[in-house]
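Heads up: the structure comes next, in structure tokens.
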Amino acid sequence: MSRSSDTDRALAFVSRVRPARDGERARPHKPCLLLAVIDIFEAEMLQKNQIEFDATPRLLETFNSYFEAVACPSDHKRACLPFVHLASDHFWHLEPLSGCEQEVREKISKGGITNQWIRNNIRFVRLDESFFNACLDAHARHALREAIVEKFFPHRSEEIRRVIQQSVASIHYELALRNNDSSIDTHIPSDRAARSASFRRVVLDAYDYRCAATGWRIILPSVSLVEAAHLIPWSESNDDSVQNGIALMPTYHRAMDANLIAPCTTGVWKISDALKDSRFKDFELFQELEGKSVILPSNSAHQPKNEAFEYRVRQLQDI
-8 MSRSSDTDRA
2 LAFVSRVRPA
12 RDGERARPHK
22 PCLLLAVIDI
32 FEAEMLQKNQ
42 IEFDATPRLL
52 ETFNSYFEAV
62 ACPSDHKRAC
72 LPFVHLASDH
82 FWHLEPLSGC
92 EQEVREKISK
102 GGITNQWIRN
112 NIRFVRLDES
122 FFNACLDAHA
132 RHALREAIVE
142 KFFPHRSEEI
152 RRVIQQSVAS
162 IHYELALRNN
172 DSSIDTHIPS
182 DRAARSASFR
192 RVVLDAYDYR
202 CAATGWRIIL
212 PSVSLVEAAH
222 LIPWSESNDD
232 SVQNGIALMP
242 TYHRAMDANL
252 IAPCTTGVWK
262 ISDALKDSRF
272 KDFELFQELE
282 GKSVILPSNS
292 AHQPKNEAFE
302 YRVRQLQDI
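Okay, so the sequence shown: first residue is -8 according to our numbering, each after it adds one.
Quick look at the structure:
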């Protein structure tokens, strides 16, 4: 099938999507999830025709950003619902776990879908081949987004197009960061939130969402409890590269930014003298970190630059 035929067929599928309704109003769950899926393709994260529900927080986080832009107070932010019920629109195919086929068929008609039910019963979603192929093409992705906006959000088009624009700008900056693009300055989004989102995704992916201080990897639906921190602050470096980032739990992120802890070029953590007073039990959390190994990305190309570590050690408070 030709590229144009794939696009036409994908657009036809979108035109026939039947959203859940709240009286006369169509609920935004299905179109928001479709926009999120298209963004995953934009970020070049789907090379196989398999969409997993929450292997990482990315799909659900993206769904939430679109949903929050257009939802009404009566709408509940639950991506699990369209993830299952888009199967009724004939281009979105649920692949059950072995032995769960009957359970999946019955549950679709009964309702009561939850995140945990999906994890327990569904391996992934497989798209119709033409829809998958269309999502691999930039022009087709644009056409699909426009069709979704015009069909489902005619009265909220300005809001949803703004989110799409920010998301696409953030994704393109993310790709430039991942590819170490020499023209990266041309990709920096004007919107600070979009830029920060790119940096966060690149760093957390490199660290597999694992804290470099504690080793904790805590991922909940649509959110990771680990943050991306700049080693040399953006205000000083204008550097969002993965080699200037480190993944940390919020407490350790704040402690590093307060110059109380620092990763060293020797590969271990150093703490400020301000935290070494043994009289204070409150400091034990950080005292235990002294001399522990910094947990780094397995890919050496993603590991921090020595000058970034050196910067942090120089900033340590010696009070």
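Built from N, CA and C at the ideal position, the CB exists for glycine as well. This one's a predicted model, so the numbers in the text were calculated from it and none came from an experiment.
Here Pro19 really is in contact with Val61; their C-beta atoms are around 5 Å apart, less than 8 Å.
Within the stretch 42 to 77, the runs of alpha helix (DSSP H) at least 4 residues long that lie entirely inside it are, in chain order, 49 to 61, 71 to 76.
Pairing Val75 with Asp(-1), the inter-Cα distance amounts to about 24 Å.
Contact check for Ile209 against Leu216 passes: the beta carbons are separated by less than 8 Å. DSSP, read as helix, strand or coil, puts Trp207 in coil. Sequence-distant Cβ neighbours of Glu94 in its own chain, meaning closer than 6 Å and more than five residues away, are Asn112. Residue state for Ser(-5) is assigned as helix, using DSSP reduced to three classes. Closest by C-alpha distance to Val28, out of Val233, Val193, Trp83, is Trp83. Every alpha helix (DSSP H) of 4 residues or more that sits fully in the stretch 236 to 309 is shown, in chain order, as 241 to 248, 275 to 278, 297 to 306.
Rounded to the nearest angstrom, the gap between the Cα atoms of Gln234 and Asp199 is 15 Å. Around the C-beta of Glu298, fewer than 16 other C-beta atoms lie within 10 Å, and the residue is accordingly described as exposed.
In this chain, the beta strand (DSSP E) harbouring Ile113 covers 113 to 118. Annotation for Ser263: Leu251, Leu307, Gln308 place their beta carbon closer than 6 Å to its own, counting only its chain and skipping 5 residues before and after. Under the 8 Å Cβ criterion, the stretch 56 to 73 counts as touching the stretch 149 to 164, having at least three qualifying pairs. Judged by their CB atoms, Ala70 and Leu51 are nearer to each other than the 8 Å cut-off. Collapsing the DSSP output to three states places Asp13 in a strand. Using a 10 angstroms sphere on the CB of Gln294, the tally of other CB atoms reaches 16 or more, which defines it as buried. In the DSSP annotation of this structure, the continuous segment of the beta strand (DSSP E) that includes Ala220 starts and ends at 218 to 221. Distance between Tyr57 and Val285, taken at the CA atoms: about 36 Å. Within the stretch 101 to 181, the complete beta strand (DSSP E) runs of at least 3 residues fall at 113 to 118.
Taking the CA atoms as reference points, Ile99 sits about 15 Å from Arg110.
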